[in-house]
Amino acid sequence: MRHILKCTSCNNYTLKDTCPACGAATVQPKPPKFTLDDRFASYRRKAKESAWKEKGLL
2 MRHILKCTSC NNYTLKDTCP ACGAATVQPK PPKFTLDDRF ASYRRKAKES AWKEKGLL
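If you number the sequence shown the way our numbering does, the last residue is 59 and the count never jumps.
Given below as C-alpha cells:
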C-alpha cells in the first residue's frame, strides 16, 4: 500500500519518492506514534527549548 508523501522544500504532496515539481526528497508527513512511555520526550523538549531561545521567545 502506498502512502502520501510531502516534499520538504516546496510542501507539495505526492505519492512519488521525489517531488515532481522541484525534484527534492519527500518524507512521510505523519507524526510519530504516541505512547505514554516516551523515551525521547526529554530530548524533544530540550531541542524545542533551545530553538525557542534562539528565536528570543524564551
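Glycine included, C-beta positions come from ideal geometry on N, C-alpha and C. Since this is a predicted model, take the numbers as computed values, not measurements.
If we ignore side chains and look at the alpha-carbon of each, how far apart do residue i and residue j end up?
i	j	result
lysine 34	alanine 42	12 Å
lysine 1	threonine 36	Shown here, the chain extends from 2 to 59; a query on residue 1 therefore has no answer.
arginine 46	proline 32	16 Å
cysteine 23	tyrosine 44	32 Å
valine 28	alanine 48	21 Å
arginine 3	serine 10	21 Å
Apart from the five residues on each side of it in sequence, which residues of its chain come closer than 7 Å, Cβ to Cβ, to residue i?
i	result
proline 21	Thr15
leucine 59	Glu50, Trp53
State the DSSP-derived secondary structure class of residue i, mapped to helix, strand or coil.
i	result
alanine 26	strand
lysine 34	coil
lysine 17	coil
Among residues of its own chain, excluding the 5 on either side of residue i, which ones have a beta-carbon nearer than 8 Å to its beta-carbon?
i	result
alanine 25	Cys8, Thr9, Ser10, Cys11, Thr19
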